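Colleague: What the sequence shown shows, in our numbering, is residues 1 to 212, in sequence order.
Cβ coordinates follow ideal geometry from the N, Cα and C atoms, glycine included.
Here the structure is a predicted model, which is why all the values come from computation and not from measurement.
I'd like to ask some things about the structure below.
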Amino acid sequence: MRVAEIWRYPVKSLAGERLGQAEVTRNGIAGDRVVHVRDRRGRVVTARTHRGLLALHGTLGVDGEPLIDGRPWTAAESAAAVRAAAGPDATLARHDGPERFDVLPLLVATDGAIAALGVDGRRLRPNLVVAGVRGLLERQWPGRRLGIGTVIIALEKLRGRCVMTTYDPDTQTQDLSVLQRIIDDFGGRMALDSAVLAEGTIAIGDPVVLLP
1 MRVAEIWRYP VKSLAGERLG QAEVTRNGIA GDRVVHVRDR RGRVVTARTH RGLLALHGTL
61 GVDGEPLIDG RPWTAAESAA AVRAAAGPDA TLARHDGPER FDVLPLLVAT DGAIAALGVD
121 GRRLRPNLVV AGVRGLLERQ WPGRRLGIGT VIIALEKLRG RCVMTTYDPD TQTQDLSVLQ
181 RIIDDFGGRM ALDSAVLAEG TIAIGDPVVL LP
């Protein structure tokens, strides 16, 4: 097995960036989901209710600060773009704490399961895609660990999927049959919620070993 894809989402619910290598910390991919959108009451707003956020692209600048469509997340243009997507009261906030993740800091998907589902794997919003996995073997992995160089990842449980999977990552067109198929054929779960036990740097093509 090998690392096929690495993804980071510097701004939660925005389209992310595909990386050639990444630093993996106890809080997942460095720079992942460090900025989020809030409503007027301070609640986190996501693309589950405002799909237009997926049309904006979050990347990380050379200074380590998130960009939105190439502009600093603090720029007036970034604020305007987010308000257009998430409502006139939407604001952006930075927070680096572990609670910024919906579940655990890392989501691991496999090429076999993505092929079985038959859709663009970006719909699952993984951090890592592992290639060389036959069929649905990932469903036997909860409780196991992955080793990638010095990095050790604890595969905790299969992720319960939501309406986010129904949006085309390029057009944001909704196809409810995607989630229905995940429910009907995969028990509503796809990819693995994971924790980082040992930190390090990973890169595309790195060997991946399934540990006890």
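Within the continuous beta strand (DSSP E) that includes S194, where are the two ends?
Modeller: Its beta strand (DSSP E) spans residues R189 to A198.
Colleague: Are three or more beta carbon pairs between the segment 168-186 and the segment 57-76 nearer than 8 Å?
Modeller: As far as the Cβ criterion goes, the segment 168-186 does not touch the segment 57-76, which means the pair count is below three.
Colleague: Can you tell me the Cβ-Cβ gap for G16 and W7, rounded? I've got them flagged as a contact below 8 Å.
Modeller: Correct: roughly 5 Å between the Cβ atoms.
Colleague: State whether the segment 63-75 contacts the segment 44-53, with contact taken as three or more CB pairs (one from each stretch) at a distance under 8 Å.
Modeller: Cβ pair count under 8 Å is below three, so no.
Colleague: Check P98 in the structure and name its three-state DSSP category.
Modeller: Residue state, collapsed to three classes: helix.
Colleague: Cα separation between S194 and K157?
Modeller: Taking the straight line joining both Cα atoms gives about 7 Å.
Colleague: Here's a check: name, in chain order, each residue in its chain whose Cβ is nearer than 7 Å to the Cβ of I148, leaving out the five neighbours to either side.
Modeller: Result list for I148: V3, I202, D206 and V208, in chain order.
Colleague: Can you find the residues in the same chain that come closer than 6 Å, C-beta to C-beta, to V130, ignoring five residues on each side of it along the sequence?
Modeller: So the list reads M1, T110 and V208, once near-sequence residues are dropped.
Colleague: So, at 6 Å on beta carbons, what are the nonlocal neighbours of E5 in its own chain, with the 5 sequence-adjacent residues on each side left out?
Modeller: The answer, listed in chain order, is V129.
Colleague: Between the C-alpha atoms of A86 and H50, what's the straight-line distance to the nearest angstrom?
Modeller: So the two alpha carbons sit approximately 6 Å from each other.
Colleague: If you follow the alpha helix (DSSP H) that Q180 is in, where does it begin and where does it stop?
Modeller: Q180 -> alpha helix (DSSP H) spans L176 to F186.
Colleague: When you compare each of L107, A115 and D39 to A84 by their alpha carbons, which one comes out closest?
Modeller: Nearest option by C-alpha distance: D39.
Colleague: From L116 to R18, what does the alpha carbon distance come to, in whole angstroms?
Modeller: Sequence inspection shows Ala at residue 116; the Leu mentioned does not correspond to that position. Answer to the nearest angstrom: the Cα atoms are 22 Å apart.
Colleague: Taking Cβ positions, are G160 and G188 nearer each other than 7 Å?
Modeller: Yes, Cβ-Cβ distance for G160 and G188 is below 7 Å.
Colleague: By DSSP's criteria, I68 is part of a beta bridge. Which residues make up the other side?
Modeller: DSSP, once it has assigned bridges, lists G58 and R71 as partnering I68.
Colleague: Given that a residue counts as buried once 16 or more other Cβ atoms are within 10 Å of its Cβ, and exposed if not, what is G118?
Modeller: It is exposed - the Cβ of G118 has fewer than 16 other Cβ atoms within 10 Å.
Colleague: Just checking my contact of I153 with L106 at CB under 8 Å: how many whole Å lie between their CB atoms?
Modeller: Correct: roughly 6 Å between the Cβ atoms.
Colleague: Straight-line CA distance for V133 to R125?
Modeller: Using only the alpha carbons, I get a separation of about 18 Å.
Colleague: Alpha carbon to alpha carbon, how far is A79 from A191? Give it in angstroms, no decimals.
Modeller: Distance between the alpha carbons of A191 and A79 is about 32 Å.
Colleague: For a minimum of 4 consecutive residues, which ranges assigned as the alpha helix (DSSP H) are wholly contained in the segment 94-166?
Modeller: DSSP runs (the alpha helix (DSSP H)) wholly in the segment 94-166: 111-117.
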